[in-house]
Amino acid sequence: NAGVTQTPKFRVLKTGQSMTLLCAQDMNHEYMYWYRQDPGMGLRLIHYSVGEGTTAKGEVPDGYNVSRLKKQNFLLGLESAAPSQTSVYFCASSYRLSGSLSGEQFFGPGTRLTVL
Amino acid sequence: DQQVKQNSPSLSVQEGRISILNCDYTNSMFDYFLWYKKYPAEGPTFLISISSIKDKNEDGRFTVFLNKSAKHLSLHIVPSQPGDSAVYFCVRTSYGKLTFGQGTILTVHP
Chain U
263 NAGVTQTPKF RVLKTGQSMT LLCAQDMNHE YMYWYRQDPG MGLRLIHYSV GEGTTAKGEV
323 PDGYNVSRLK KQNFLLGLES AAPSQTSVYF CASSYRLSGS LSGEQFFGPG TRLTVL
Chain L
18 DQQVKQNSPS LSVQEGRISI LNCDYTNSMF DYFLWYKKYP AEGPTFLISI SSIKDKNEDG
78 RFTVFLNKSA KHLSLHIVPS QPGDSAVYFC VRTSYGKLTF GQGTILTVHP
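Chain order of the listed sequences is U and L. Each number in the numbering used here comes from the position in the first sequence (counting from 1) with 262 added on. Each number in the numbering used here comes from the position in the second sequence (counting from 1) with 17 added on.
As structure tokens, this is what we get:
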């Protein structure tokens with residue numbers, strides 16, 4: 263049981279390049295999330311998904327796109343990378359919320375992205 | 018705008034003593050509050066939670082207190098251990114969406 267895994271662990275891009283970050287979970291969770299963490303700040307939600315084939319915007323969605331074609335995978339895309347997107351990106355997943363307000367999420371180890 | 022603020026960027030404690038991490042929040046509705054712990058180069062991991070209808074929740078060495086009138090949350094770790102050294106995030110959750118505080122770096126000295 264690997265939990266939540268992220269690929270790649272590190273990446274350096276030049277301004278204007280594109281890339282896709284892959285998140286995979288083997289816990290059969292319905293909900294998946296992408297966050298970014300900048301120095302001295304907490305994690306901020308970029309996009310999230312409440313099930314296969316669905317996505318929604320979070321707090322800081324601009325410059326990113328996502329797709330959830332399979333329940334176990336959640337992809338985060340940068341179409342034209344900018345230095346402001348230099349950050350550590352975390353993927354997370356959680357059980358389907360059916361009336362419960364508890365929000366424990368399981369996080370991957372992160373991807374450190376640098377945009378030059 | 019639902020905010021969570023951790024005003025102390027860092028805290029240093031001697032092994033065996035109590036660590037108290039603090040958090041303030043605004044505009045609370047019926048939310049859960051969580052504490053997450055994060056080691057370097059790892060993702061955050063869930064530590065303990067409390068419902069906004071409770072005042073206290075305890076799990077082993079970790080206790081979270083909620084003061085609703087003051088809109089203040091605190092995490093107590095007793096006794097503190099060197100392995101507790103990490104970044105602690107105060108988090109509120111509403112229908113599965115998390116809002117993180119800035120984090121407090123806890124260092125426990127042997």
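Every residue gets a Cβ at the ideal spot worked out from N, C-alpha and C, and that includes glycine. Small disclaimer: the values here were computed from a predicted structure and weren't measured.
* Per-residue contacts from Q119/L into chain U (C-beta, under 9 Å) -> Taking the first residue of the second sequence as position 1, residue 119/L is located at position 102. The contacting residues are G302, M303 and G304.
* **Neighbour list for P57/L in chain U, Cβ cutoff strictly below 9 Å** => As a position in the second sequence, residue 57/L is number 40, starting the count at 1. The premise fails here: P57/L is roughly 10 Å from chain U at the closest Cβ pair, so nothing lies under 9 Å.
* Asked: Of all the CB atoms in chain L, is at least one closer than 8 Å to the CB of E380/U?
  -> Outside the displayed span of chain U (263 to 378) sits residue 380/U, for which this structure offers no information.
* To do: Could you check which residue in Y326/U, E366/U and Y351/U has the C-alpha nearest to that of G372/U?
  => Here residue 372/U refers to the residue found at position 110 of the first sequence. It is Y351/U.
* **Near-chain L residues of the region 327 to 346 of chain U - C-beta to any C-beta below 8 Å** => none
* Would you be able to state if there are at least three C-beta pairs under 8 Å between the region 328 to 348 of chain U and the region 81 to 90 of chain L? => no
* **Environment of A318/U [buried if 16+ CB atoms lie within 10 Å]** => Counting from 1 along the first sequence, the entry for residue 318/U is found at position 56. The residue is exposed, with fewer than 16 neighbouring Cβ atoms inside 10 Å.
* Asked: Which runs of the beta strand (DSSP E) spanning at least 3 residues fall entirely within the region 19 to 95 of chain L, listed in chain order?
  -> 27 to 31, 36 to 42, 49 to 55, 62 to 68, 73 to 76, 79 to 84 and 89 to 94
* Rounded to whole angstroms, what's the CA-CA distance from D288/U to L38/L? Just pull it up for me. => Reading the first sequence from its first residue, position 26 is the one you call residue 288/U. Reading the second sequence from its first residue, position 21 is the one you call residue 38/L. Going from the Cα of D288/U to the Cα of L38/L covers about 33 Å.
* Residue-chain proximity (F272/U, chain L), Cβ-Cβ < 8 Å -> Taking the first sequence and counting its residues from 1, the one referred to as residue 272/U is at position 10. So no, F272/U is outside the interface.
* Looking at C-alpha atoms only, which residue of T110/L, A58/L, A103/L and G77/L is the closest neighbour of H126/L? -> In the second sequence, counting from the first residue as 1, residue 126/L sits at position 109. Looking at the Cα atoms, A103/L is the closest of the given residues.
* Beta carbon proximity, L307/U to chain L, threshold 8 Å -> Here residue 307/U is taken as the residue at index 45 of the first sequence, counted from 1. At least one chain L Cβ lies under 8 Å of L307/U.
* Using a Cβ cut-off of 8 Å (strictly closer), state whether P323/U contacts chain L. => On the first sequence, residue 323/U is found 61 positions in, with the first residue counted as 1. Closer than 8 Å: no.
* To do: May I have the straight-line CA-CA distance separating E366/U from T277/U, to the nearest angstrom?
  => Start at 1 with the first residue of the first sequence, and residue 366/U comes out as number 104. Start at 1 with the first residue of the first sequence, and residue 277/U comes out as number 15. Approximately 35 Å, taken between the alpha carbons.
* To do: Can you grab the Cα-Cα spacing for the pair S29/L / V108/L, in whole Å?
  => If you number the second sequence from 1, residue 29/L lands on position 12. If you number the second sequence from 1, residue 108/L lands on position 91. S29/L and V108/L: Cα-Cα distance of roughly 21 Å.
* **C-alpha gap between R374/U and I35/L, whole angstroms** => Along the first sequence, read from residue 1 onward, the residue named residue 374/U stands at position 112. Along the second sequence, read from residue 1 onward, the residue named residue 35/L stands at position 18. Approximately 34 Å between the Cα atoms of the pair.
* Residues of its chain near S68/L, where Cβ-Cβ distance is below 6 Å and the 5 sequence neighbours each way are ignored -> Locating residue 68/L in the second sequence gives position 51, counting from the first residue. Contacts found: Y49.
* To do: Give me the Cα-Cα distance between I308/U and G320/U, rounded to the nearest whole angstrom.
  => The residue given as residue 308/U occupies position 46 in the first sequence. The residue given as residue 320/U occupies position 58 in the first sequence. Spanning the two alpha carbons is a distance of roughly 5 Å.
* Asked: Can you tell me whether G120/L is buried or exposed, with buried defined as 16 or more other CB within 10 angstroms of its CB?
  -> Working through the second sequence from its first residue, we reach residue 120/L at position 103. It counts as buried.
* Please decide whether L115/L counts as near chain U, where near means a Cβ-Cβ distance under 8 Å. => As a working mapping, residue 115/L is identified with position 98 in the second sequence. Yes - at least one Cβ of chain U is within 8 Å of the one on L115/L.
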